[in-house]
Structure formats: structure tokens, C-alpha cells
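Chains B and V, in that order, are what the protein sequence lines are.
FYI, in UniProt numbering the residues of the first sequence are 1 to 188.
FYI, in UniProt numbering the residues of the second sequence are 1 to 188.
Cβ atoms here follow ideal geometry from the backbone N, Cα and C, with glycine treated the same way.
Below: one structure, written as C-alpha cells.
Number of protein chains: 2
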Amino acid sequence: MAYHHGDLRRTLMAAAADAVAESGAAAISLRELARRAGVSNAAPTHHFGDKAGLLTALAAEGYDLLADTVTGARLSGGGIVEMGVAYVRFAMEHPGHFEVMFHPALHRADDEELPAARARAGDALAAGVAEYVGRRPEEGDAETARIAAWSLVHGHATLVLTGAVRTGDPQARTRAIARLLFPEDAAR
Amino acid sequence: MAYHHGDLRRTLMAAAADAVAESGAAAISLRELARRAGVSNAAPTHHFGDKAGLLTALAAEGYDLLADTVTGARLSGGGIVEMGVAYVRFAMEHPGHFEVMFHPALHRADDEELPAARARAGDALAAGVAEYVGRRPEEGDAETARIAAWSLVHGHATLVLTGAVRTGDPQARTRAIARLLFPEDAAR
DNA sequence: CGTGGAATCTTGTCAATGGAAAGATTGAAG
DNA sequence: CTTCAATCTTTCCATTGACAAGATTCCACG
Chain B
1 MAYHHGDLRR TLMAAAADAV AESGAAAISL RELARRAGVS NAAPTHHFGD
51 KAGLLTALAA EGYDLLADTV TGARLSGGGI VEMGVAYVRF AMEHPGHFEV
101 MFHPALHRAD DEELPAARAR AGDALAAGVA EYVGRRPEEG DAETARIAAW
151 SLVHGHATLV LTGAVRTGDP QARTRAIARL LFPEDAAR
Chain V
1 MAYHHGDLRR TLMAAAADAV AESGAAAISL RELARRAGVS NAAPTHHFGD
51 KAGLLTALAA EGYDLLADTV TGARLSGGGI VEMGVAYVRF AMEHPGHFEV
101 MFHPALHRAD DEELPAARAR AGDALAAGVA EYVGRRPEEG DAETARIAAW
151 SLVHGHATLV LTGAVRTGDP QARTRAIARL LFPEDAAR
């Protein structure tokens, strides 16, 4: 075993994402992650400072992944409904990231990358809603539409992940509920 | 100080709700709660078994409170929109409970009260949606409407609580977005 | 080539935590 | 008054997060 792991940072983040997805953020242990990676207990400190640092890095990575996912759906011409489906798909494929992203108590307040990544994701979402609202000038309040869209898909993702809502195909269900909110977009 | 605290169970749950609301479920310490209540560190064990037991009791209490809140809004004739507002109001007034309710990783799997309380809350929500859908026979899928309503208000509550959405009056905003989803209900 | 500094990782330590065992105190029913 | 169950305490152990100090390796520059 080499003294230098080579890619400890990524290895730890991946292990943390798995552990959070399986047992929740409260249950993860830096020492356990270090053991799985085959390094000593103090190795993670060098890369992340402390536990909050690791989770903050994970959250920032999550926001970047989310921005890419949503932007990809928009650029492929799916409309606002398919952007919502992409949001839920991201949450299902990266439950560990998703969990950490929306729990500020787990973050380091002094981190700079996290707010930047969050802003990128927010812009990606807002761009899609702006397109939709732009085609419907009678829709009075763009801000309300944006919050409604975000709330709907975020809530659905959360409820499915926590097991509160059990549905066979979450993405099909997302499409159905998003069309209730954005009927004009359904015919695209 | 009496040997018997008198109401340790409630005291600990209230302290836990405050601590979770302030610092998150990952940061709470049974010993710290015991100190605040003026008892030894092993006292909570008797009432809750372990940490998960305390959080499970908190979640069950939350579901009962939520059921009461939503049912109250329905019985006072507010319609489905005002039920959604009540849901968000519950989350804002009981952030500690709300946090714990939707994190199964924090719960004891063998608890029986929690599923029962959750079912009561689910019925309370479903009753309101059924009323709305009943007045709109053209609305094809009642199950989809129920999930859409729940997702919308749950997502909004979560986003406001985590600070992802900043809005002056969350209840007014909830009313606005709920009317987008249930326009027929707006004129009640 | 080789050397000095920076990056990476280890060992050792400390206070705090969750949990369990064993026992003390109290209330309540008979 | 006695006995029993409920409630709480004291004590102990393994684990954890964080930190300090030191070891090892890589790399850039001479």
C-alpha cells in the first residue's frame, strides 16, 4: 500500500455519499470512512478540515451535478416538465448528495464554493422557468412560478426518498404532477 | 431537586425539539439534553431506550400534531389551499418535529406508534384532497392530485426551512403557489 | 542529478458521546 | 407496613471528532 493514496479526496467523498444515502448524515463516521479507504483516521482532516468540511464539499459537488443535470434537460428541449423530471432523477441517483445539500446545519459557514455552486444550480432552474413563463405572458408572477416549480419537484423527490410516497415509477409520476402545475407545457 | 423529575419524558422531548430545530438532528446529544433537564445521563435511556427512541417519539408526536393542524384547517372550511397553508405553518412552528419526521434513518424500525401516527396524518391529508377532487370529476387521477398537493406544500416547507427559498411571508406564498395547482379552489 | 520545501499521511492523545450494567430511591397497591 | 414496579444514579467501556507532532513521499528548481 502506497503511502500516498493517490485520490483520497474523491474516494472519501464517494464513500461518504454512499454512507449518507444508506444510513443518513447523522450516522457517518470519519474514522469508518478512513478505514474503508485504507488510510489512518487523521487522513481526512488534511483534505477537509473536519466532518462539516467533508459534507460541505459533498453538498457543493451535488449542486454542480444538479446544475448539469437540469441544464442538460433544458438544452435537450424537454421543457419545464422534463427539467422537473431531471431534478427528481438527480435526487434518486444521488441520494447522499441530495440529503446533504439541503441541511445547512451540516455545512461549514465559511465555505465559499458551496454558495457559488448553489447559485449555479439556482440559475439553471430559473432559466427553465423563465422560458416557460416567457411563453405565457398572462402568468403574472414569475417568482411565484419559479418557487412553485421548485417546491413541487423538491417535495416529490424528498417524499419518495424518505418512503413517504410509494409510487412505481417516480419519474412518470413527476411528469404527471408537473403537468398539473404547467399544463401549457404538456403538449410540447 | 426531587429524585423523581415528574415529567421527564415531555421535558426531554421539548428540549430535543428545540435542539434539533437549532442545530439539526445530527448535533443533538442525549447527555446535553439530560444536563439541561437536570438529570443524569442515563435517565433518558429509561424513557426512550436510546437516541433513536427519543427521535422516534418526537416524530410520532409531530405526525399527530400535523394531523390535528390539517384537520383543523379542513373543518374550518378553508378548502385544500388553506390545508396546504396549515401544513406549511406546522412546519414553521415545529421545525424540530418536522425535521425528524421525514428522516427514517433516525427512527427505530420496531416502533409501532410512529406508523400509526403517520397513517392518521396521511388520512387527514387525503380527506382534504378527496373533497377537492370530488368537486372536479374531470380530474382523472385522485392519487396523482394527492401526491401533487403533498409534494408542493412539503417541498415549499422544506425549502423555506433550509433557507433555499427566502420569501417574506411563507404562508402568503404558499397560498399563491397552491392556487396555481388548484385554481378551482381559489374562489372559495 | 539532488535537494529543499510542500503535500500527504501516521501515530498518539484528549474530551465527549452513546450505551449498558448494577444499584439506589421513590411511589403505590395490597 | 411491606412488597414491587417505576424512576433515576453511578460507573464503566468502546467509539468518535479533533488536534498536535512527526514521518514519508512528491515535485519544482537549481
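Distances from the CA of residue 148 of chain B to each of V:177, V:59, V:154 were compared; the closest alpha carbon is that of V:177. Listed along the chain, the chain V residues whose CB falls inside 8 Å of the CB of residue 80 of chain B amount to none; the nearest CB is some 13 Å away. Between residue 67 of chain V and residue 124 of chain V, the gap from beta carbon to beta carbon is short of 9 Å. The shortest C-alpha to C-alpha distance from residue 108 of chain V to any of V:36, V:45, V:169, V:52 is the one to V:52. Of all residues in the region 85 to 111 of chain V, the ones placed with a Cβ closer than 7 Å to any Cβ belonging to chain B are 102, 103, 104, 105, 106, in chain order. C-alpha of residue 157 of chain V to C-alpha of residue 168 of chain V: approximately 14 Å in a straight line. When the beta-carbon positions are compared, residue 65 of chain V and residue 12 of chain V stay at least 9 Å from each other. For residue 18 of chain B, the enclosing alpha helix (DSSP H) starts and ends at 8 to 23.
The beta-carbon distance between residue 105 of chain B and residue 23 of chain V, rounded to whole angstroms, is 6 Å. This is short enough to meet the 8 Å contact definition.
Residues of the same chain with a CB within less than 8 Å of the CB of residue 5 of chain B, apart from the 5 flanking positions on each side, are 11, 37, 38, 39, 43 in chain order. When C-alpha distances from residue 175 of chain V are compared across V:30, V:127, V:88, V:69, the shortest belongs to V:88. Considering only beta carbons, no part of the region 46 to 63 of chain B lies closer than 7 Å to chain V.
With respect to residue 159 of chain V, residue 102 of chain B sits close: the two C-beta atoms are nearer than 9 Å. If you compare the alpha carbons of B:142, B:77, B:163, B:57 with that of residue 116 of chain B, the shortest gap goes to B:57. Of all residues in the region 6 to 34 of chain V, those with a C-beta nearer than 7 Å to a C-beta of chain B are 23, 24, 25, 26, 27, reading in chain order. Residues of chain V whose Cβ lies closer than 8 Å to the Cβ of residue 173 of chain B are, in chain order, 144, 147. Going by DSSP, residue 107 of chain V is part of no alpha helix (DSSP H) at all; its letter is neither H nor E.
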